[in-house]
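Q: Quick note, the sequences are listed as chains A and B, same order. Take the first sequence: its position 284, counting from 1, is numbered 284 in our numbering, and each next residue is one higher. Here our numbering = 1-based position in the second sequence + 396. By construction, the Cβ of each residue, glycine as well, lies at the ideal position given by its N, Cα and C atoms.
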Amino acid sequence: MTDIRIITANEAAAVAASLCGVQVIAAYPITPQTPVTEALAGMVESGELKAEYLTVESEHSAMASVIAASQVGARVFTATSANGLLYMHEMLHWAAGSRVPVVMACVNRGVGAPWTILNDQQDSISQRDTGWIQLYCRNSQEVTDTVIQAYRIAEHVNVPVMVCYDGFVLSHASTPVDIPDREDVDRYLPRWAGVPGISLDSCMNVNPLILSEPRQFPDGDLMPGYMDLRYRLQEDLVAALETIETADREFESLFGRSWGGLLWEYRMEDAEHALVSMGSLASESTLAADDMRRQGLRVGVIGVRAYRPFPAGRLVSALASVKTVTVFEKDISYGYGGAVAMDLKAALFDTELRPRFSSFVAGLGGRDVTPEQLVRAATAAITEEPVHGWIDVRGR
Amino acid sequence: MATKAARELPSQELILPGTRSCAACGLMLTYRHALKALDEGKTIVAVPASCMTVLHGVYPITPVKVICINNPFAATGASVSGIVAGLKAVGKEGYTVVAFAGDGGTYDIGIQSLSGALERGTNFIYVCYDNEGYMNTGTQRSSASPAGAITTTTPVLAKLQHKKDMIGIVEAHRIPYIATASPAFPLDLYDKFVTAKSISGSRYMEVHAPCPPGWGFPNKDLIKMGKLAVDSGIHVLYEIRDGKFSLTSRSLRLAEKGRKKSVADYVVGQTRFRKISDEQVRRLQEFCDERWEELVKRHNKDNG
């Protein structure tokens, strides 16, 4: 029987984590993530979800706790936003380096200073180089399904996954969500056997001091050095490109919904101009594309779902026949440009493709971005000169 | 019952020869006797970045026969919380989870996560091995360094502040067991680990761990320095069980009839105190005397 509920993306994330049978949750409150943690606390205290819930004293501790719980074999979950995510930064590296399949919801919010509680994606983009997989969602249904897929991906490649969705825009907006059947989730997501190589039955030293040069076990086996382990993390993240696609395909065969795997396309079949974005801004770009098509421009949209690992190959294929590319994003690498734009340009440079390339930073700290603004910016970029700019900067 | 002689200690050695600790390491001796009280295969040790990380060896070889999970400096209390919750969630029973952190990892950077773990009543033993400074990084000042000590970050004036009352802070969490110990009194130390292991809930142990390179005394004087610290009242041996305070071992005997040595006797053999003035020695003596009187009074009240 179908179970449709009108819920927010925050509630969706909590319900999905519960469906995945998470065993340890540790979290610290921060707007706009709080409803996720409150919902899970309620489920645990009422007995609906059999799990340990740690009300820790900081985000640093939240991540430290779930890493350690994962190391002793528990399926774990946490969630955070903005400065909370930044406070975790050391532990994010630690999670990826420990190769634990932690899944975390990142409810995207601008970071201080100055304070803002509203949405942009600067928080998770600032964690780009921590070795996590980052998936960006466009609605509550995708959040639900992506949390479930995230465990499948994380436990397959032993790399943590961050499920990112826009604060307030999605986190606090109620929409209908088709809740997956628990038995189907169990079938999709087999019981996790624990981190390979770690056994509580044997003496071992997890995350020990390690030298750059490989060293031998007493029996002569050459073990990797620091750099060799880091190389494997990189190799496995690249291999995760395929894992993410497979996880989505298999999800579709069981639940009837696909989210595109690494990316999704809208009206790209005959498009001469591509708008590229992530999360809810990518959804909004579809409205801009429709409008621009009415004005005679053949415009399509590519929504980047996996930002790390970066789907360079699929993006290049999707852009093979366009004349222009326009990126909209809610983040910036200060002193240069938007993160998605920079990565996409680098991907194109490895090919013969040279579309006219424009990029715009928009919507920082919750500044409203309208489809009309996107249309104006993209139309100018397409019909006049390529531009790297910001949308709607005001004041003196 | 109290262990009376070294021959009564278990012969079990969970540290094999070949650790990477310095010669005459107070932590090493502490760890050796602590592990005699713990079970092989059923003990998980959590360790932050510290001398203990080094002691545990360089991958893939370790001289220690217990499971050790390393965690970042500030994370020890949270890491053990995750271990304890994880074990419970997956139905693994009978493990003793022990955190081993230095004074920097306890008094300073680790105090937040330690407080959280204690406040939640996490079922584990926290051990602070107090070598009174950031010894692993080369003798920088911590809030556990004693007043008058030269460190590399108090190189000219020596440390101006007294040691932080960490045990007072821990006691405010109302946990069931708190104890101090010294590797110079290994039987007392062992007994306290046995007691700690038998209790559930949060337990805190603070071990005064003399450090030859950090404090500046010859390796052969490790035990002598540990004993002098207790004899002078710089470090006091006691336990607090459900709020009941009791002096133990040498500190108990000193309170009953002995005569304490002076702080001057303690500082004279350590180069870290080479610049300590008579006035600073006098103030350190006052600081120790006041605390000693408080502790003896408390012992008499609780054991009257």
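Name the one or two DSSP bridge partners that Lys693 (chain B) has.
A: To locate residue 693 (chain B), count along the second sequence from 1; it is residue 297. In the DSSP output, where bridge partners are listed per residue, Lys693 (chain B) has none listed.
Q: Out of B:Gly473, B:Leu583, B:Ile563, B:Tyr455, state which residue places its alpha-carbon closest to the alpha-carbon of Ala433 (chain B).
A: One-based indexing of the second sequence puts residue 433 (chain B) at position 37. Nearest option by C-alpha distance: B:Leu583.
Q: Do Val493 (chain B) and Val462 (chain B) have their C-beta atoms closer together than 7 Å?
A: Within the second sequence, numbered from 1, the residue matching residue 493 (chain B) stands at position 97. Within the second sequence, numbered from 1, the residue matching residue 462 (chain B) stands at position 66. The answer is no: Cβ separation not under 7 Å.
Q: Tell me whether Glu269 (chain A) is buried or exposed, calling it buried when 16 or more other Cβ atoms sit within 10 Å of its Cβ.
A: If you number the first sequence from 1, residue 269 (chain A) lands on position 269. The residue is exposed, with fewer than 16 neighbouring Cβ atoms inside 10 Å.
Q: Residues of chain A with CB closer than 7 Å to the CB of Val450 (chain B), please, in chain order.
A: Translated into positions along the second sequence, residue 450 (chain B) becomes position 54. Correct list: Leu209.
Q: Given that a residue counts as buried once 16 or more other Cβ atoms are within 10 Å of its Cβ, and exposed if not, what is Lys50 (chain A)?
A: Here residue 50 (chain A) is taken as the residue at index 50 of the first sequence, counted from 1. It counts as exposed.
Q: Under 7 Å between the Cβ atoms of Ala485 (chain B) and Ala14 (chain A)?
A: Position 89 of the second sequence holds residue 485 (chain B). Position 14 of the first sequence holds residue 14 (chain A). Not a contact, by the Cβ cut-off of 7 Å.
Q: Could you check whether the Cβ of Ile465 (chain B) sits closer than 7 Å to any Cβ belonging to chain A?
A: In the second sequence, residue 465 (chain B) corresponds to position 69, counting from 1. Ile465 (chain B) counts as touching chain A.
Q: In the DSSP assignment, what are the bridge partners of Arg215 (chain A)?
A: The residue labelled residue 215 (chain A) in the question sits at position 215 within the first sequence. A:Met223, per the DSSP bridge assignment.
Q: Would Phe360 (chain A) count as contacting chain B if we go by Cβ distances under 7 Å?
A: Here residue 360 (chain A) refers to the residue found at position 360 when the first sequence is read from its first residue. By this cut-off, Phe360 (chain A) is not an interface position.
Q: Between the region 38-50 of chain A and chain B, which residues of the former have a C-beta closer than 7 Å to a C-beta of the latter?
A: Result list empty, no residue passes.
Q: Find the residues of chain A that neighbour Thr458 (chain B), judging by a C-beta separation of less than 9 Å, and give them in chain order.
A: On the second sequence, residue 458 (chain B) is found 62 positions in, with the first residue counted as 1. Within chain A, the residues near Thr458 (chain B) are Cys203, Met204, Asn205, Pro208.
Q: Looking at the structure shown, is His604 (chain B) part of a helix, part of a strand, or coil, going by DSSP?
A: For this step, residue 604 (chain B) is matched to residue 208 along the second sequence. Strand.
Q: Run through chain A and tell me which residues come within less than 8 Å of Ser511 (chain B), C-beta to C-beta.
A: Here residue 511 (chain B) refers to the residue found at position 115 of the second sequence. Within 8 Å Cβ-Cβ: Glu57.
Q: I'd like to know whether the C-beta of Val486 (chain B) is nearer than 7 Å to at least one C-beta of chain A.
A: Numbered from its first residue, the second sequence carries residue 486 (chain B) at position 90. Chain A, which has a Cβ nearer than 7 Å to the Cβ of Val486 (chain B), makes this yes.
Q: So, at 6 Å on beta carbons, what are the nonlocal neighbours of Gln508 (chain B) in its own chain, with the 5 sequence-adjacent residues on each side left out?
A: By 1-based counting over the second sequence, the position of residue 508 (chain B) is 112. Within the same chain, Gln508 (chain B) has no close Cβ partners at all.
Q: Along chain B, which residues have their Cβ under 9 Å away from the Cβ of Phe217 (chain A)?
A: Position 217 of the first sequence, counted from the start, is the residue given in the question as residue 217 (chain A). Residues of chain B passing the Cβ test: Pro456, Ile457.
Q: Using a Cβ distance threshold of 8 Å, determine whether the region 323-339 of chain A contacts the region 84-93 of chain A, with at least three qualifying pairs required.
A: Segments in contact, no.
Q: Go through its chain and collect everything with a Cβ distance to Gly512 (chain B)'s Cβ below 8 Å, but skip five positions before and after it.
A: Reading the second sequence from its first residue, position 116 is the one you call residue 512 (chain B). Result list for Gly512 (chain B): Gly473, Ala474, Ser477, in chain order.
Q: Mind reading off the beta-carbon distance from Leu209 (chain A) to Val603 (chain B)? Whole number of angstroms is fine, and I expect it under 8 Å.
A: As a first step, residue 209 (chain A) is located in the first sequence; it is residue number 209 there, counting from the start. As a first step, residue 603 (chain B) is located in the second sequence; it is residue number 207 there, counting from the start. Between Val603 (chain B) and Leu209 (chain A) the Cβ distance is about 22 Å, and since that is not below 8 Å, they are no contact.
Q: Just grab the DSSP bridge partners of Glu329 (chain A) for me.
A: Locating residue 329 (chain A) in the first sequence gives position 329, counting from the first residue. Glu329 (chain A) pairs with A:Val361.
Q: Please report how far the alpha carbon of Ile479 (chain B) lies from the alpha carbon of Asn699 (chain B), in whole angstroms.
A: As a first step, residue 479 (chain B) must be located in the second sequence, where it is residue number 83. As a first step, residue 699 (chain B) must be located in the second sequence, where it is residue number 303. Distance between the alpha carbons of Ile479 (chain B) and Asn699 (chain B): 37 Å.
Q: Does the count of Cβ pairs from the region 627-643 of chain B and the region 664-672 of chain B closer than 8 Å reach three?
A: In short, these stretches do not touch, since the Cβ pair count stays below three.
Q: Report yes or no: do the region 363-380 of chain A and the region 313-331 of chain A share at least 3 C-beta pairs separated by less than 8 Å?
A: These segments touch.
Q: Hey, is Leu736 (chain B)'s beta-carbon within less than 7 Å of any beta-carbon in chain A?
A: Any question about residue 736 (chain B) goes unanswered here, given that chain B covers just 397 to 700.
Q: Would you mind telling me which residues of chain A sit closer than 9 Å to Ser477 (chain B), beta carbon to beta carbon, in chain order?
A: Here residue 477 (chain B) is taken as the residue at index 81 of the second sequence, counted from 1. Under the 9 Å cutoff, chain A gives Ala26, Leu54, Val56, Ser61, Ala64, Ser65, Ala68, Ala69.
Q: Report the rounded CA-to-CA distance for Thr547 (chain B) versus Arg687 (chain B), giving the unit in angstroms.
A: Residue mapping note: residue 547 (chain B) aligns to position 151 of the second sequence, counting from 1. Residue mapping note: residue 687 (chain B) aligns to position 291 of the second sequence, counting from 1. For Thr547 (chain B) and Arg687 (chain B), the distance between alpha carbons rounds to 24 Å.
Q: Quick check on DSSP: helix, strand or coil for Leu209 (chain A)?
A: Your numbering for residue 209 (chain A) matches position 209 in the first sequence. Note: Leu209 (chain A) maps to strand in three-state DSSP.
Q: Should Asp229 (chain A) and Val454 (chain B) be called a contact, given that it needs their Cβ atoms to be closer than 7 Å?
A: For the purposes of this step, residue 229 (chain A) is identified with residue 229 of the first sequence, where counting begins at 1. For the purposes of this step, residue 454 (chain B) is identified with residue 58 of the second sequence, where counting begins at 1. For clarity, residue 229 (chain A) is Leu in the given sequence; the question names Asp instead. Not a contact, by the Cβ cut-off of 7 Å.
Q: Could you tell me the alpha carbon to alpha carbon distance between Ala62 (chain A) and Asp291 (chain A), rounded to whole angstroms?
A: Mapped onto the first sequence, residue 62 (chain A) falls at position 62. Mapped onto the first sequence, residue 291 (chain A) falls at position 291. Computed Cα separation, rounded: 45 Å.
Q: Can you tell me whether DSSP reads Ile636 (chain B) as helix, strand or coil?
A: Numbered from 1 along the second sequence, position 240 holds the residue referred to as residue 636 (chain B). The answer is strand: DSSP assigns Ile636 (chain B) an E or B state.
Q: For the candidate residues A:Arg5, A:Asp166, A:Thr324, whose alpha-carbon lies nearest to that of Glu284 (chain A)?
A: For the purposes of this step, residue 284 (chain A) is identified with residue 284 of the first sequence, where counting begins at 1. Of the candidates A:Arg5, A:Asp166, A:Thr324, the one whose C-alpha sits nearest the C-alpha of Glu284 (chain A) is A:Asp166.
Q: Which of the three DSSP states is assigned to Phe613 (chain B) in this structure?
A: Sequence index remark: in the second sequence, residue 613 (chain B) carries index 217 (1-based). Of the three classes helix, strand and coil, the one that applies to Phe613 (chain B) here is coil, per DSSP.
Q: Can you grab the Cα-Cα spacing for the pair Val102 (chain A) / His60 (chain A), in whole Å?
A: Start at 1 with the first residue of the first sequence, and residue 102 (chain A) comes out as number 102. Start at 1 with the first residue of the first sequence, and residue 60 (chain A) comes out as number 60. If I take the Cα positions, the gap works out to 14 Å.
Q: Please identify the residue among A:Arg314, A:Leu297, A:Gly84 whose C-alpha is closest to the C-alpha of Val304 (chain A).
A: As a working mapping, residue 304 (chain A) is identified with position 304 in the first sequence. Nearest of A:Arg314, A:Leu297, A:Gly84 to Val304 (chain A), Cα basis: A:Arg314.
Q: If the criterion is Cβ atoms closer than 7 Å, does the pair Leu170 (chain A) and Ser280 (chain A) meet it?
A: Position 170 of the first sequence, counted from the start, is the residue given in the question as residue 170 (chain A). Position 280 of the first sequence, counted from the start, is the residue given in the question as residue 280 (chain A). It is a contact, given that the beta carbons lie within the stated cut-off.
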